[in-house]
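Quick notes on the structure that follows.
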Ligand SMILES: Cc1ncc(COP(=O)(O)O)c(C=O)c1O
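Residue numbers (UniProt numbering): 1 to 368.
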C-alpha cells in the first residue's frame, strides 16, 4: 500500500533541488548565514509577488504576527478581535504584545471570520481586527473595512493572518493592501522553507520600518538599540529555498486549484460530505481542502489506516485550549465544525489517481 501524504514536501524539493543545492553552496562560500544579499533579494521578490512595496523577512509566522501587531500599536490596554477557529499562533501573538484577545465566531460555510460578529465586538479599546485567511482563501477584508468606515473607526487596523494564503486574492487584490499582513513559511505552507521562516508585508513605510527595527534587537544600526526588540530574522539558507519556490508558486497554486476542482467532482455524489465553499471574488490557493463529515474521528482513523494522510485543522477552538480557556465564551459555529472538519491530502504534485484513491477510501470509511 503506497501512502498518500497530507503534503508531499519531497515532491516539491525534487523540482527545486538543483537551485537549492547551488544556492546553499553560494551561502556557505560567502558565509552569509543571516541577512545578506539572498534575504534582500527574496524580500524584494516577495514584496513584488504580494503587490506591495515592503516585505520584511522574520524568523517564523508567529513572530511576523507579533511584530505586525506591535508595529501598528497593539499592546497593553488594547484589544484585538480574531476568530475562535484559528491556529493558536494568532491568539498567542496578540497575548505576547500584552493586548487582550477578543474572540468571535466564524461563518458556518467558509469558516472565515464572521464579519458582523467582528464589528459587533468592537469597543473603545479595539486597536486591530485580525482576520485569518483560513485554508487559503481571503476573508472579506473589504467588508470589515467598509464596516469600520461606517462606524468611523479608521483608528482600527486590519492585521491579516496570511499564513495559509500566499498568492490568494479577493477582487483582484492580495493581503496586506488594507493594512498589514503576516505570513508563515513553515515547511508545509504553500511557500515553505526548510525550517522556520515568516514575513510581514505592508504598504505603510513606517510600519515596515518598525517591524524591521523590532526584529533586529530594536535597531537598524549595529549596537544602536532604539526600541526593546527581539531577534527575529530570516536566514540566508531559507531565503535560497524561498526564492526557488517563489518562482514556482503561481504555477503550484494553479495546480492546487486543479486538484481542488478534481476533489469537488470526485466528492459531488457523497451525500454525507460537505465540500468547501469559495467566496465570490476570491481566488483560492487551497492550502487545505477541508470537508465536513459525520463520525469524523472514526473516518479519520480509517483513512489513516488505509494510508491516506488526512488530518484536522483545527480540532480545538482557541477558547477550549488550556492556554485561553480563561477567555470563556461560546462560538457555536466554531464549536460545531471542530468535531466534523477533515483535511484531505492536497499539494501541487498530487495526481488524479491519488485523489481517486482518497475519494474511494473516504467512501469506504463513511459506509462502514
Ligand atoms: C493560520 C496560522 N497562523 C499562524 C501560523 C504560525 O506560523 P509559524 O508556525 O511559522 O510560526 C500558522 C502556521 O503555523 C498558521 O497556519
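Built from N, CA and C at the ideal position, the CB exists for glycine as well.
These numbers were taken from a predicted model, which means no experiment stands behind them.
Residue i: CB within 7 Å of a non-hydrogen atom of ligand 1
{"i": "residue 238", "result": "no"}
{"i": "residue 198", "result": "yes"}
{"i": "residue 139", "result": "no"}
{"i": "residue 184", "result": "yes"}
{"i": "residue 168", "result": "no"}
{"i": "residue 85", "result": "no"}
{"i": "residue 164", "result": "yes"}
{"i": "residue 57", "result": "no"}
{"i": "residue 61", "result": "yes"}
{"i": "residue 161", "result": "yes"}
{"i": "residue 132", "result": "yes"}
{"i": "residue 323", "result": "no"}
{"i": "residue 90", "result": "yes"}
{"i": "residue 67", "result": "no"}
Through-space distance from residue j to residue i, alpha-carbon basis
{"i": "residue 279", "j": "residue 112", "result": "10 Å"}
{"i": "residue 13", "j": "residue 344", "result": "21 Å"}
{"i": "residue 297", "j": "residue 67", "result": "37 Å"}
{"i": "residue 409", "j": "residue 358", "result": "No answer is possible for residue 409: it lies beyond the span of the chain, which begins at 1 and ends at 368."}
{"i": "residue 318", "j": "residue 80", "result": "14 Å"}
{"i": "residue 151", "j": "residue 128", "result": "14 Å"}
{"i": "residue 51", "j": "residue 247", "result": "15 Å"}
{"i": "residue 215", "j": "residue 29", "result": "26 Å"}
{"i": "residue 338", "j": "residue 114", "result": "16 Å"}
{"i": "residue 394", "j": "residue 99", "result": "Nothing in the structure corresponds to residue 394, since the chain is present only between 1 and 368."}
{"i": "residue 283", "j": "residue 164", "result": "13 Å"}
{"i": "residue 259", "j": "residue 347", "result": "8 Å"}
{"i": "residue 243", "j": "residue 332", "result": "41 Å"}
{"i": "residue 124", "j": "residue 37", "result": "44 Å"}
{"i": "residue 135", "j": "residue 286", "result": "6 Å"}
Cross-strand partners of residue i (DSSP beta bridge)
{"i": "residue 71", "result": "Note: residue 71 sits in no beta bridge, so no partner."}
{"i": "residue 179", "result": "158"}
{"i": "residue 169", "result": "283"}
{"i": "residue 235", "result": "34"}
{"i": "residue 224", "result": "221"}
{"i": "residue 48", "result": "DSSP output for residue 48 lists no bridge partner at all."}
{"i": "residue 122", "result": "Beta-bridge pairing links residue 122 to no other residue."}
{"i": "residue 202", "result": "54 and 180"}
{"i": "residue 82", "result": "103"}
Buried or exposed (CB count within 10 angstroms, at least 16 for buried), residue i
{"i": "residue 263", "result": "buried"}
{"i": "residue 171", "result": "exposed"}
{"i": "residue 25", "result": "exposed"}
{"i": "residue 217", "result": "buried"}
{"i": "residue 360", "result": "exposed"}
{"i": "residue 368", "result": "exposed"}
{"i": "residue 34", "result": "exposed"}
{"i": "residue 228", "result": "exposed"}
{"i": "residue 224", "result": "exposed"}
C-beta neighbour in chain C for residue i, strict 8 Å
{"i": "residue 303", "result": "Here there is only one protein chain, and chain C is not present."}
Subject >> In chain order, each alpha helix (DSSP H) run of at least 4 residues that lies wholly inside the region 294 to 335 >> reply: 296 to 305
**OP:** With a floor of 4 residues, list each alpha helix (DSSP H) that falls wholly inside the region 129 to 159, ordered by position along the chain.
**Re:** 141 to 150
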